[in-house]
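Here is the structure we will look at.
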Amino acid sequence: MINIQKQDRPEIFWEFTRSICPECRRVIDAHILLRDGKVYIRKRCPEHGKFEALYFGDAQLYVDIAPFNKPGTLPLEFATEVRDGCPYDCGLCPDHQQHACLALIEVNEACNLDCPLCFANSGTHLAKDGFQLTFEQVNFMLDKFIAAEGNPEVVQFSGGEPSLHPQILDFIQLAKDKGINYVMLNTNGIRIARDDKFLAGLSELKPHVYLQFDGFDARTNETLRGRANLIDEKLRALDRLAEADVRAVLVAAIERGVNEYEIGPIVEFGLRHPAVFGVNFQPAFRAQRHVPADPMTRMTIPDVLKHLEIQTNGLFKLKDFVPVPCCMPTCNFVTYAMIDGDTVTPIPRVLDMGYYLNYLKNRTMPALSDDLLRTLEMLWSSSAKVGSDGDAQKVMHAVEANGSNPNAPQLESFAASRCSSCHSHLPLSDHTPRDLARHVFMVNTRDFMDPWTFNIKNVMKCCVEFLTPDGRMIPFCSYNSVGYREQEREQIRGLAVNSK
597 MINIQKQDRP EIFWEFTRSI CPECRRVIDA HILLRDGKVY IRKRCPEHGK FEALYFGDAQ
657 LYVDIAPFNK PGTLPLEFAT EVRDGCPYDC GLCPDHQQHA CLALIEVNEA CNLDCPLCFA
717 NSGTHLAKDG FQLTFEQVNF MLDKFIAAEG NPEVVQFSGG EPSLHPQILD FIQLAKDKGI
777 NYVMLNTNGI RIARDDKFLA GLSELKPHVY LQFDGFDART NETLRGRANL IDEKLRALDR
837 LAEADVRAVL VAAIERGVNE YEIGPIVEFG LRHPAVFGVN FQPAFRAQRH VPADPMTRMT
897 IPDVLKHLEI QTNGLFKLKD FVPVPCCMPT CNFVTYAMID GDTVTPIPRV LDMGYYLNYL
957 KNRTMPALSD DLLRTLEMLW SSSAKVGSDG DAQKVMHAVE ANGSNPNAPQ LESFAASRCS
1017 SCHSHLPLSD HTPRDLARHV FMVNTRDFMD PWTFNIKNVM KCCVEFLTPD GRMIPFCSYN
1077 SVGYREQERE QIRGLAVNSK
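All you need for our numbering is the position in the sequence shown, starting with 1, plus 596.
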């Protein structure tokens, strides 16, 4: 008998899922594989063959974060029925496992940039022929969002470049009038930098500005946005927002080999700038227009956070970040830090993670949650009293869980005096939780999927949805990968909504 040595496979088969073919977009089987310390997705289309892409840049972290998956929240109503199966019944359908934390409304197609990287495929060529939503359409879409959510958390107006829409300030006012908690404007900042009247409108309405900000170098901006000198207008826009008392999140698309070395400098700049209360990193994904890149070497969340740790000399560390439980754990990592002068303290270093996660559950903007702010206030200020034994217990639990932390003596001393006399005094003693928000800084990284990394399991728990003129809510990654964007644009153009 011939003794032939059997060989082990070079990877661990971790799970089975469903994905789509990057060529024809049909739904196909997919395998999640662990190999060489990373996670890959592999799939085979009967027509176009095998595809493989880097899915997550740290296999051990991928395994460790599984417990961060929490039960979703049902919307108050669904817009579609289950008929063809995910991802073809989006609306949301009853099989969807999460409500909408954030809804996007693309109000136009026109843009004042022609970015080489643009998942909306917008540009200057659409200034005349691109669609523009009407006030009536936006009103209807917001009403459908409210009907599904009851008390919606966030709506974001996007485009195109939404600041070019002649009624964008009216849309922001409308959303605020309807009681939506946070209204965001997704913008490249050019109009903010140039238009005094528009800036005055933002100053009055106080939306949160979601500002495209990929880095400082000319090469970065030329490669990703098509204009080498764009940073000058970004900085002017931010300075003007600060003068107008309008707060902004910097949003950076990160492409390997282009701007990953700017991750740390972007955060350090944001910490110093008075208009900025957070940074959102988005690893570049391949939808519509994108920079040519190898899906096997793409940036993922662990890659971004490891660069951040190195480039900030440990000011923020990978272990400071936690997955946001409202979506699948691999989609979104976040941390919050308390800012006291030049001192930056990531909250997970002093607050028990169990309680921390309670504030993140099924929310997309917990930095501004009154519950979280009240707890932080108990930890850092003297402006609120511990109102119950439960509150005191939470503070003490944080002390016990951080006994070896260098911050623990200060925290323990505070907690003891807080719980006994409610008269302790620590730094950051602002007067209200809302004032305390000025000392909270968010760093977030969200990895949107594309046809190469598409995972139906993640889509089914997506909490970021596109609102459509017919009242549906479609998960972000389905909208950009499966064909919904193309279908919706054809439908909108058929409605002749362009007012020009």
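Glycine included, C-beta positions come from ideal geometry on N, C-alpha and C. If you're wondering where the values come from, they're calculated on a predicted model, not measured in any experiment.
1) Considering only DSSP beta bridges, list what ALA675 is partnered with.
2) Identify the continuous alpha helix (DSSP H) that holds CYS1073 and give its terminal residues.
3) Quickly, what does DSSP pair HIS804 with across the bridge? List them, please.
4) To the nearest angstrom, how far is it from the Cα of GLY860 to the Cα of HIS903?
5) Would you identify the three-state DSSP class for LYS1057, choosing helix, strand or coil?
6) Would you report the Cα separation of ILE624 and ARG787, rounded to the nearest angstrom?
7) For LYS639, which of PHE652, GLY653 and THR613 has the nearest alpha-carbon?
8) Can you list, in chain order, the residues of its chain with a C-beta nearer than 7 angstroms to that of LEU826? Leave out the 5 residues immediately preceding and following it.
9) To the nearest angstrom, report how far apart ASP791 and ASP828 are at their CA atoms.
10) Which class does MET737 belong to by DSSP, given the choice of helix, strand or coil?
11) Nearest CA to the CA of ASP669: which residue from GLU905, LEU914, GLY746 and ILE608?
12) Mind checking ARG821: buried by the 16 CB within 10 Å criterion, or exposed?
13) Applying the criterion that 16 or more other CB atoms from any shown protein chain within 10 Å of the CB defines a buried residue, is LEU672 buried or exposed?
14) With a cut-off of 8 angstroms, do at least 3 Cβ pairs link the stretch 895 to 910 to the stretch 1061 to 1075?
15) Taking DSSP as the reference, what is the three-state secondary structure of PHE929?
16) DSSP on SER718, reduced to helix/strand/coil?
17) Would you decide whether HIS1035 is buried or exposed? Buried here means 16 or more other CB atoms lie within 10 Å of its CB.
18) If we ignore side chains and look at the alpha-carbon of each, how far apart do ARG1089 and HIS695 end up?
19) Does the contact criterion of 3 or more C-beta pairs under 8 angstroms hold for the stretch 601 to 618 versus the stretch 1046 to 1066?
20) Can you name the residues that DSSP bridges to ASP625?
21) State the Cα-Cα distance for the pair LEU700 and ARG631, rounded to the nearest angstrom.
22) If you draw a straight line from the C-alpha of CYS1058 to the C-alpha of PRO762, how long is it?
23) Measuring CB to CB, does GLN884 end up less than 7 angstroms from ASN717?
So, from the listed chains and residues:
1) The sequence position of residue 675 within the sequence shown is 79, counting from 1. Note: ALA675 sits in no beta bridge, so no partner.
2) As a first step, residue 1073 must be located in the sequence shown, where it is residue number 477. Start and end: 1072 to 1077.
3) Translated into positions along the sequence shown, residue 804 becomes position 208. DSSP, once it has assigned bridges, lists MET780 as partnering HIS804.
4) Start at 1 with the first residue of the sequence shown, and residue 860 comes out as number 264. Start at 1 with the first residue of the sequence shown, and residue 903 comes out as number 307. Using only the alpha carbons, I get a separation of about 7 angstroms.
5) As a working note, residue 1057 is residue 461 in the sequence shown. The answer is coil: DSSP assigns LYS1057 none of H, G, I, E or B.
6) For the purposes of this step, residue 624 is identified with residue 28 of the sequence shown, where counting begins at 1. For the purposes of this step, residue 787 is identified with residue 191 of the sequence shown, where counting begins at 1. Each residue's Cα considered, the two are about 44 angstroms apart.
7) As a working note, residue 639 is residue 43 in the sequence shown. Closest option to LYS639, Cα to Cα, is THR613.
8) As a position in the sequence shown, residue 826 is number 230, starting the count at 1. Answer for LEU826: ASN817, listed in chain order.
9) Within the sequence shown, the letter at position 195 stands for residue 791. Within the sequence shown, the letter at position 232 stands for residue 828. So the two alpha carbons sit approximately 15 angstroms from each other.
10) Locating residue 737 in the sequence shown gives position 141, where the first residue counts as 1. Helix at MET737.
11) Along the sequence shown, read from residue 1 onward, the residue named residue 669 stands at position 73. Asp is not the amino acid found at residue 669; the sequence shown has Thr there. Nearest of GLU905, LEU914, GLY746 and ILE608 to THR669, Cα basis: GLY746.
12) Reading the sequence shown from its first residue, position 225 is the one you call residue 821. Buried.
13) Working through the sequence shown from its first residue, we reach residue 672 at position 76. By the Cβ neighbour-count rule, LEU672 is exposed, with fewer than 16 other Cβ atoms within 10 Å of its own.
14) By the criterion of at least three beta-carbon pairs nearer than 8 angstroms, the stretch 895 to 910 is not in contact with the stretch 1061 to 1075.
15) In the sequence shown, residue 929 corresponds to position 333, counting from 1. PHE929 falls in the strand class under three-state DSSP.
16) If you number the sequence shown from 1, residue 718 lands on position 122. Residue state, collapsed to three classes: coil.
17) On the sequence shown, residue 1035 is found 439 positions in, with the first residue counted as 1. Taking every protein chain shown into account, the CB of HIS1035 has 16 or more other CB atoms within 10 angstroms, so this residue is buried.
18) Sequence index remark: in the sequence shown, residue 1089 carries index 493 (1-based). Sequence index remark: in the sequence shown, residue 695 carries index 99 (1-based). Each residue's alpha carbon lies about 29 angstroms from the other.
19) yes
20) Position 29 of the sequence shown, counted from the start, is the residue given in the question as residue 625. BP columns for ASP625 point to ARG614.
21) To locate residue 700, count along the sequence shown from 1; it is residue 104. To locate residue 631, count along the sequence shown from 1; it is residue 35. Annotation: LEU700 to ARG631 spans about 36 angstroms, alpha carbon to alpha carbon.
22) Stepping through the sequence shown from its first residue, residue 1058 is reached at position 462. Stepping through the sequence shown from its first residue, residue 762 is reached at position 166. Taking the straight line from one Cα to the other gives about 31 angstroms.
23) Sequence index remark: in the sequence shown, residue 884 carries index 288 (1-based). Sequence index remark: in the sequence shown, residue 717 carries index 121 (1-based). Less than 7 angstroms divides the Cβ of GLN884 from the Cβ of ASN717.
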